[in-house]
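A.B. asks: One structure, as structure tokens, below. Some questions next.
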Amino acid sequence: MSNGKTIGMILFVGGIILLIAYGLYLGFEELLEALDFLSGFFLGLIFVGIVVLIISIIIEQRRDTKKMMDEIEKEELEP
22 MSNGKTIGMI LFVGGIILLI AYGLYLGFEE LLEALDFLSG FFLGLIFVGI VVLIISIIIE
82 QRRDTKKMMD EIEKEELEP
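Numbering of the sequence shown is given in my numbering, commencing with residue 22 and proceeding in unit increments.
Here you go:
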């Protein structure tokens, strides 16, 4: 796993775990009534983790496509 995927996955999973733990601490009813700073921060971690994962996957796919196109001989691409 590349660094971007690792960081994104850690942020994503960490945000979910922290949000669940905080929700259990406060009780789900109180959490739904008022989103305070900590719950907003945890939701932000989840969002940033998802964005980092998506960006790293897109970059890796482009890199792999370019590498594969370099490996294919030009004769094979002609009809």
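Beta carbons are placed, not taken as given, at the ideal position from N, Cα and C, and that holds for glycine.
Which class does Ser60 belong to by DSSP, given the choice of helix, strand or coil?
C.D. replies: helix
A.B. asks: What three-state label does DSSP hand Gly35 in the structure shown?
C.D. replies: helix
A.B. asks: Name the residue from Ser77, Val34 and Ser23 whose alpha carbon lies nearest to the alpha carbon of Leu64.
C.D. replies: Val34
A.B. asks: Roughly how far, in whole angstroms, is the beta-carbon of Gly70 from the beta-carbon of Gly36, given that I think they are within contact range, below 8 Å?
C.D. replies: Between Gly36 and Gly70 the Cβ distance is about 6 Å, and since that is below 8 Å, they are a contact.
A.B. asks: To the nearest angstrom, report how far apart Gln82 and Leu40 are at their CA atoms.
C.D. replies: Rounded to whole angstroms, Gln82 to Leu40 spans 31 Å at the Cα level.
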